[in-house]
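Chemist: In the numbering used here, the protein residues as written are 66 to 306. In this text, a Cβ means the ideal position worked out from N, Cα and C, and glycines have one as well. A quick note: this is a predicted structure, and the numbers were derived from the prediction, not measured. Pasting a structure here, questions to come.
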Ligand code: URA
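Written as structure tokens, this is what we have:
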């Protein structure tokens, strides 16, 4: 799938290049097919350049972020990892100690279980994009405060805008509550397809892998959620093999 499958030619023409010039083809009107082809290629390259630049900007902003107090205690920011054109995004809560140390999401014990959950639906880390509601570790792994989640949210929104996933798996109550803008217990949210407020992207909430490590009885329900996700992805034309 193309990295910027969502960009139509109007958008590209309107935004112009980085020098502020417009890129609208000029030769086509006169019927010069070769020149029109070159202009179209230039448009495409400029659009790709802007897309890559947006990624660079958001990565840099996250790495330098001081918008909440968590920057004082973090070792690393945890931007997220995976395919920048993923059809499926997984969103967790916040980095823990291992993630803070390595700068990558879900690298601890919960991450191993997450890998198995992905394997159960024929997916792998490389094919999805994994991010969290917070980019920095809350000390003692406390739940994100509403202020921390609010300050961090624009980064996640920009990642979602750039990736344009077809579906999101929300890992745990914190992710589900923030994405759906509800406070319904996770046990009542799971087992169904919801829509992310604002974007309308389908969201399937399920139990957080760390919760499943503490309470393995929940794994059967988590598996049901994964099967629901498989059906959804199939309906959306996303292959899981
Ligand atoms: N738990 C999360 O929610 N995210 C991580 O990255 C690691 C553990």
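Pick out the complete alpha helix (DSSP H) segments inside the segment 218-248, 4 residues or longer, and give them in chain order.
Modeler: Fully enclosed alpha helix (DSSP H) runs of 4 or longer: 238-245.
Chemist: Name the two residues that bound the continuous beta strand (DSSP E) containing residue 252.
Modeler: In the chain shown, residue 252 corresponds to position 187, counting from 1. Looking at the DSSP string, residue 252 is not in any beta strand (DSSP E); the run it does join, the alpha helix (DSSP H), is 251-254.
Chemist: Check whether the Cβ of residue 236 sits closer than 7 Å to any heavy atom of ligand 1, and report yes or no.
Modeler: The residue labelled residue 236 in the question sits at position 171 within the chain shown. Yes, Cβ of residue 236 sits closer than 7 Å to a heavy atom of ligand 1.
Chemist: What does the alpha-carbon distance come out to for the pair residue 284 and residue 248?
Modeler: Here residue 284 refers to the residue found at position 219 of the chain shown. Here residue 248 refers to the residue found at position 183 of the chain shown. Going by the C-alpha atoms only, they are around 22 Å apart.
Chemist: State buried or exposed for residue 216, treating a residue as buried only when at least 16 other CB atoms are found within 10 Å of its CB.
Modeler: Position 151 of the chain shown, counted from the first residue, corresponds to residue 216. It counts as buried.
Chemist: For the beta strand (DSSP E) containing residue 266, list its first residue and its last residue.
Modeler: The residue labelled residue 266 in the question sits at position 201 within the chain shown. Residue 266 -> no beta strand (DSSP E), and no H or E assigned at all.
Chemist: Give the secondary structure of residue 141 by DSSP, where H, G and I count as helix, E and B as strand, and everything else as coil.
Modeler: Walking along the chain shown from the start, residue 141 turns up at place 76. Reduced to three states, the DSSP call for residue 141 is coil.
Chemist: Alpha carbon to alpha carbon, what distance is there between residue 266 and residue 299?
Modeler: Here residue 299 refers to the residue found at position 234 when the chain shown is read from its first residue. Here residue 266 refers to the residue found at position 201 when the chain shown is read from its first residue. The straight-line gap from Cα to Cα measures roughly 15 Å.
Chemist: Could you tell me whether the segment 105-121 touches the segment 154-171, using the rule of 3 or more Cβ pairs below 8 Å?
Modeler: No, because fewer than three Cβ pairs between the segment 105-121 and the segment 154-171 fall closer than 8 Å, the two stretches do not touch.
Chemist: Pairing CB atoms from the segment 155-170 with CB atoms from the segment 127-145, are three or more of them under 8 Å?
Modeler: Verdict: yes, contact present.
Chemist: As a quick exercise: from 180, 201, 242 and 107, pick the residue whose alpha carbon is nearest that of residue 191.
Modeler: Looking up residue 191 in the chain shown gives position 126. Cα-wise, what sits closest to residue 191 is 180.
Chemist: Over what stretch of residues does the beta strand (DSSP E) that includes residue 156 continue unbroken?
Modeler: As a first step, residue 156 is located in the chain shown; it is residue number 91 there, counting from the start. From DSSP, the beta strand (DSSP E) with residue 156 extends over 153-157.
Chemist: Mapping the DSSP letters down to three states, classify residue 214 as helix, strand or coil.
Modeler: Counted from its first residue, the chain shown places residue 214 at position 149. Helix, per DSSP.
Chemist: Going straight from the alpha carbon of residue 296 to that of residue 162, what length do you get?
Modeler: For the purposes of this step, residue 296 is taken as the residue at position 231 of the chain shown. For the purposes of this step, residue 162 is taken as the residue at position 97 of the chain shown. Cα to Cα, residue 296 sits roughly 34 Å from residue 162.
Chemist: Span of the beta strand (DSSP E) holding residue 194?
Modeler: Your numbering for residue 194 matches position 129 in the chain shown. Unbroken beta strand (DSSP E) run through residue 194: 194-197.
Chemist: Excluding five sequence neighbours on each side, which residues of the same chain lie with their C-beta closer than 7 Å to the C-beta of residue 289?
Modeler: By one-based count along the chain shown, residue 289 stands at place 224. Contacts found: 256.
Chemist: Decide if residue 174 is buried, meaning its Cβ has at least 16 other Cβ atoms within 10 Å, or exposed.
Modeler: Along the chain shown, one-based indexing puts residue 174 at 109. Classification of residue 174: exposed, given that the 10 Å Cβ count is below 16.
Chemist: Who are residue 147's beta bridge partners in DSSP?
Modeler: Locating residue 147 in the chain shown gives position 82, counting from the first residue. In DSSP, residue 147 forms a bridge with 194.
Chemist: Is it the case that the CB of residue 243 approaches a heavy atom of ligand 1 more closely than 7 Å?
Modeler: The residue labelled residue 243 in the question sits at position 178 within the chain shown. No, Cβ of residue 243 sits at least 7 Å from all heavy atoms of ligand 1.
Chemist: Considering just the uninterrupted stretch of the alpha helix (DSSP H) at residue 257, what are its terminal residues?
Modeler: Within the chain shown, numbered from 1, the residue matching residue 257 stands at position 192. Premise fails: residue 257 is in no alpha helix (DSSP H) and is neither H nor E.
Chemist: Should the segment 250-264 be regarded as contacting the segment 165-174, the criterion being three or more beta carbon pairs within less than 8 Å?
Modeler: In short, these stretches do not touch, since the Cβ pair count stays below three.
Chemist: How long is the line joining the alpha carbons of residue 130 and residue 99, rounded to whole angstroms?
Modeler: By 1-based counting over the chain shown, the position of residue 130 is 65. By 1-based counting over the chain shown, the position of residue 99 is 34. Going from the Cα of residue 130 to the Cα of residue 99 covers about 46 Å.
Chemist: Using only CA atoms, which one of 104, 205 and 241 lies nearest to residue 160?
Modeler: For the purposes of this step, residue 160 is taken as residue 95 along the chain shown, with counting starting at 1. Out of 104, 205 and 241, 205 has the C-alpha closest to the C-alpha of residue 160.
Chemist: Can you tell which of 105, 233 and 103 has its C-alpha closest to the C-alpha of residue 260?
Modeler: Position 195 of the chain shown, counting from 1, holds the residue named residue 260. Among 105, 233 and 103, the Cα nearest to that of residue 260 belongs to 233.
Chemist: According to DSSP, simplified to helix, strand and coil, what is residue 171?
Modeler: Sequence index remark: in the chain shown, residue 171 carries index 106 (1-based). Residue 171: coil per DSSP, three-state reduction.
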